[in-house]
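J.: Right, I'll just put the structure down here and ask away after.
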Amino acid sequence: GFRTVVKIICGDLQVDDTQCGFKLMTLDAGVLLYSNLNLRRWTHDVEVLYRAKELGIPVTEMKIGWEDKEGSKLATTLWETVIVSAVMLMEVLFMRINYVTGRWSVPGGKSH
240 GFRTVVKIIC
250 GDLQVDDTQC
260 GFKLMTLDAG
270 VLLYSNLNLR
280 RWTHDVEVLY
290 RAKELGIPVT
300 EMKIGWEDKE
310 GSKLATTLWE
320 TVIVSAVMLM
330 EVLFMRINYV
340 TGRWSVPGGK
350 SH
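Printed below as a string of structure tokens:
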């Protein structure tokens, strides 16, 4: 699913699940990685992790207990799931193209 597509488009971001879990980091790393994000919706986590990869900032995934709550899903029907998935795919693809072409750049680092 989404994880596989992200890995194909962005390479190994050092985590299995880009969307769930906590993103713990130093203040300096947080300021650098979150400054002027281009993606502001569901996929902003992918951009943060992509920037960390490009800057050589190590990322360690720590599994946490997670329980879905009523109303916490982005989509509740099959059709909504298809739409949300397509939007997320397009956002990640758009992000990668913009970094590769130099239209966007990683703060403090290279553009691709």
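Heads up: the sequence shown runs through residues 240 to 351, numbered per this note's numbering.
Built from N, CA and C at the ideal position, the CB exists for glycine as well.
1. Buried or exposed for valine 321, going by 16 or more other Cβ atoms inside 10 Å?
2. So, using beta-carbon positions, are glutamate 330 and threonine 282 closer together than 8 Å?
3. Return the CA-CA distance between isoleucine 296 and leucine 332, expressed in angstroms with no decimal places.
4. Could you name the residues of the same chain whose beta carbon sits closer than 8 Å to that of leucine 252, not counting the 5 residues immediately before and after it, in chain order?
5. Classify lysine 302 as helix, strand or coil using the three-state DSSP reduction.
6. In this structure, does DSSP put lysine 246 in helix, strand or coil?
7. So what does DSSP say about serine 344, is it helix, strand or coil?
T.: So, to answer that:
1. Reading the sequence shown from its first residue, position 82 is the one you call residue 321. Counting every other CB atom within 10 Å of its CB across the protein chains shown gives valine 321 a total below 16, marking it as exposed.
2. In the sequence shown, the residue the question calls residue 330 occupies position 91. In the sequence shown, the residue the question calls residue 282 occupies position 43. Yes.
3. Taking the first residue of the sequence shown as position 1, residue 296 is located at position 57. Taking the first residue of the sequence shown as position 1, residue 332 is located at position 93. Each residue's Cα considered, the two are about 22 Å apart.
4. Mapped onto the sequence shown, residue 252 falls at position 13. So the qualifying residues of the chain are Val245, Lys246, Val285, Leu288, Tyr289, Ala291, Lys292 and Val298.
5. Here the question's residue 302 lines up with position 63 in the sequence shown. Correct three-state label for lysine 302: coil.
6. In the sequence shown, residue 246 corresponds to position 7, counting from 1. For lysine 246, the secondary structure class from DSSP, reduced to helix, strand or coil, is helix.
7. The residue labelled residue 344 in the question sits at position 105 within the sequence shown. Correct three-state label for serine 344: coil.
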